[in-house]
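Student: Protein chains in written order, with my numbering: chain A, 1 to 168; chain B, 1 to 143.
C-beta: ideal position from N, C-alpha, C; glycine also.
The following block contains the structure, expressed as structure tokens.
Here it is, written out as structure tokens:
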């Protein structure tokens with residue numbers, strides 16, 4: 001794999017990696033450095049990678065494993081589904097309060113999901129990953145990912161219905 | 001899109017069978033249809049992290065610098081060590097000036113002798129007194 005091929009097939013995935021890396025490391029400022037590190041690891045392995053049947057999947061897997069390693073080194077509790085907290089500007093205070101309430105409610109529900117279900121539903125919704133990409137990153141089978149995703153969505157929906165359906 | 005079709009899409013979504021495009025569409029059209037899904041779509045939209053603009057190109061530039069810097073570092077390490085080897089080798093392996101051969105010494109001696117007035121000997125007349133295979137005895141006198 002030469003430099004141009006590496007750029008096209010591997011490095012171009014940087015933007016796709018960004019949401020997951022920023023979310024897992026909990027800091028957007030570190031995310032760019034982390035992606036550079038991930039790409040350097042992949043660059044060293046570029047000759048092996050060119051033989052890989054699923055290059056994109058391998059890139060996602062490498063990125064996720066890298067983030068898990070960083071979190072371990074930080075000796076913090078590993079929480080794969082760490083949510084990046086955004087500060088959103090609201091015009092009115094009540095809008096902000098509503099948003100904060102919704103945010104906290106959903107976070108709580110997500111935290112109660114089994115770990116794998118939580119990670120899969122977040123990778124899909126917040127990172128925008130395809131099922132096969134999630135499967136490659138988590139080293140699970142595609143069908144298994146679908147099942148986890150379906151279960152998580154149903155549980156989330158049931159929990160949210162209890163809170164929001166009366167408002168209908 | 002009719003609400004029936006939306007309902008179908010919701011079913012597909014809950015079974016994990018919808019595509020990303022379908023999900024984005026669903027999130028945009030869920031208002032007043034399914035409050036729980038609407039709440040989730042608001043959460044997702046507000047929590048999504050978008051990559052900075054032109055991230056790929058920006059990162060590529062610094063990545064390229066890093067890889068070429070590394071290569072440059074290797075090249076300079078190799079060239080510095082090669083020069084050191086050459087330098088050390090020059091002093092240790094070089095055996096020093098060789099001794100002159102016999103004929104060269106003679107030539108050098110003759111050269112030195114020519115610097116002096118060499119007519120002296122030629123101006124001497126030699127008179128041989130005795131001569132055999134081994135020795136020659138002669139007298140000289142100056143003019």
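If you run the structure through DSSP and keep just helix, strand and coil, what is residue 88 of chain B?
Tutor: Here residue 88 of chain B carries a helix assignment [DSSP, helix/strand/coil].
Student: Determine the burial state of residue 34 of chain B: buried for a count of at least 16 other Cβ atoms within 10 Å of its Cβ, exposed for fewer.
Tutor: buried
Student: Just the Cα atoms here: how many angstroms apart are residue 120 of chain A and residue 148 of chain A?
Tutor: 7 Å
Student: Return the CA-CA distance between residue 129 of chain A and residue 39 of chain A, expressed in angstroms with no decimal places.
Tutor: Their Cα atoms are separated by approximately 19 Å.
Student: Do residue 19 of chain A and residue 58 of chain B count as a contact pair if the criterion is CB distance below 9 Å?
Tutor: no
Student: From residue 40 of chain B to residue 22 of chain A, what distance separates their C-alpha atoms?
Tutor: 21 Å
Student: Run down chain B in chain order and give the residues with a C-beta less than 8 Å from the C-beta of residue 10 of chain A.
Tutor: Near residue 10 of chain A there are no residues of chain B at all, since even the closest Cβ is about 11 Å away, more than 8 Å.
Student: Do the region 123-137 of chain A and the region 96-113 of chain A meet, that is, are 3 or more Cβ pairs less than 8 Å apart?
Tutor: no
Student: Here's the rule I'm using: 16 or more other beta-carbon atoms within 10 Å means buried, otherwise exposed. How should residue 117 of chain A be labelled?
Tutor: buried
Student: Just mark residue 66 of chain A as buried or exposed, buried being the case when its beta carbon has 16 or more other beta carbons within 10 Å.
Tutor: buried
Student: Please classify residue 127 of chain A as buried or exposed, where buried requires at least 16 other C-beta atoms within 10 Å of its C-beta.
Tutor: buried
Student: Buried or exposed for residue 16 of chain B, going by 16 or more other Cβ atoms inside 10 Å?
Tutor: So residue 16 of chain B counts as buried.
Student: Just to confirm before moving on: does the CB-CB distance between residue 63 of chain A and residue 137 of chain A stay below 9 Å?
Tutor: Contact: yes.
Student: With DSSP run on the structure shown, which of helix, strand or coil describes residue 10 of chain A?
Tutor: coil
Student: Name the residues in the region 115-132 of chain A whose C-beta lies less than 7 Å from a C-beta of chain B; which are they?
Tutor: Under the 7 Å Cβ criterion, the region 115-132 of chain A contributes 125, 126, 128, 130.
Student: Let's see if you can read the secondary structure: which residues bound the alpha helix (DSSP H) around residue 98 of chain A?
Tutor: 93-112
Student: Inspect the beta-carbon positions of residue 56 of chain B and residue 15 of chain A and report whether they are closer than 9 Å.
Tutor: yes
Student: Assuming residue 155 of chain A contacts residue 113 of chain A under a Cβ cut-off of 8 Å, what Cβ separation, rounded to an integer in Å, is found between them?
Tutor: Correct: roughly 6 Å between the Cβ atoms.
Student: Quick one: does residue 13 of chain B have its CB under 9 Å from some CB of chain A?
Tutor: At least one beta carbon of chain A lies nearer than 9 Å to the beta carbon of residue 13 of chain B.
Student: What residue from A:25, A:6, A:61 has the CA that sits closest to residue 72 of chain A's CA?
Tutor: A:25
Student: Could you tell me which chain A residues have their CB closer than 8 Å to the CB of residue 89 of chain B, listed as they occur along the chain?
Tutor: Within chain A, no residue comes near residue 89 of chain B; the closest Cβ sits about 34 Å away, beyond 8 Å.
Student: With DSSP as the reference, label residue 51 of chain A as helix, strand or coil.
Tutor: coil
Student: Taking only the alpha-carbon atoms, compute the straight-line gap between residue 164 of chain A and residue 19 of chain B and give it to the nearest angstrom.
Tutor: 26 Å
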